[in-house]
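In this note's numbering, the protein residues as written are 2 to 159.
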């Protein structure tokens, strides 16, 4: 038998749960293989230590106390404040995330407003530089304004 098979069957061998044929094969292997023999000896010592240990017996009301603690823990989990206590560690990251999003949105809006203002200033500078600022609206009460108003109202009536 291979060492791997022997090691898998060592516990059953030491407990006397293997058939005679396998018992003889394992015994023969252990007499020839130092590594498997060492592992069998370690298991044997562990079994002796465990057998010598006294079994701990729970107190008479152990089960009642256990169920009482389980019910108390369940009640704590179902309380509304317990839910918020569990979410408490998420408040700081959520606040930071909201602040970052608001900062990005506000920065984007401020950037757009600023760029629109700059565009308007540049447009005014361009109009002035090529002399188009001379073409302003007609002065109030002037003949061209009256004519323009009459002509535009007649087009609307048609």
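Using N, Cα and C, we set each Cβ at its ideal position, and we do this for glycine too.
Computed from a prediction, not measured in an experiment: that's the story for all the values here.
Buried or exposed (CB count within 10 angstroms, at least 16 for buried), residue i
| i | result |
| --- | --- |
| residue 177 | Residue 177 lies beyond the range of the chain shown here (2 to 159); nothing can be said about it. |
| residue 27 | buried |
| residue 114 | exposed |
| residue 7 | buried |
Inter-residue CB distance, residue i and residue j (contact presumed, cutoff 8 angstroms)
| i | j | result |
| --- | --- | --- |
| residue 35 | residue 15 | At roughly 18 angstroms, the Cβ-Cβ gap does not stay under 8 angstroms, so residue 35 and residue 15 are not in contact. |
| residue 11 | residue 44 | 6 angstroms |
Among the options, nearest to residue i - alpha-carbon criterion
| i | options | result |
| --- | --- | --- |
| residue 9 | 37, 22, 29 and 20 | 37 |
| residue 178 | 141, 21, 99 and 29 | No statement about residue 178 is possible, as the shown extent of the chain runs from 2 to 159 and does not include it. |
Which complete alpha helix (DSSP H) runs does the region 47-120 hold, if anything under 4 residues is left out?
63-79 and 81-88
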